[in-house]
Amino acid sequence: MDSTFNWNPEQTLLEKVRNLAIKRGQSPESIISEAVRLYIETQLLETVDDTVPDPLIGLFAATPDLAIKSEDILQDEVTEKSGWTWKKPQQ
């Protein structure tokens, strides 16, 4: 089923779509269709029922390169009172 509608995008957006289409060897229509499909899928994922608390929230909230950046993250979190310290002797 073919469907058409009148769309007047910004000139810069239209140029970006055309350039991407040329780079990928596709038509501008296929680029736009793919973009709309991805947008709709993203919107559908965001409309998931958030009223039920999820016990795993936060478990997967880190960046994918957490293991690679762990030392940098720890270094950024260091404060003057971080780590091992000498305790004052009890009187």
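Residues 147 to 237, numbered by the working numbering, are exactly what the sequence shown covers, in order. Ideal Cβ positions, reconstructed from N, Cα and C, are used throughout, including at glycine. Everything numeric in this text was worked out from a predicted model, so none of it was measured.
Identity of the residue in the options nearest residue i by Cα
i      : options                   : result
Ile178 : Val224, Leu191 and Leu159 : Leu159
Close beta carbons around residue i, own chain, < 7 Å, minus the five adjacent residues each side
i      : result
Ala181 : none
Gly229 : none
Lys227 : none
Gln157 : none
Contacts around residue i, its chain only, beta-carbon distance under 6 Å, and the 5 residues preceding and following it disregarded
i      : result
Pro174 : Val163, Arg164 and Ala167
Contact set for residue i: own chain, Cβ-Cβ below 8 Å, skip 5 residues either direction
i      : result
Ser176 : Ala167
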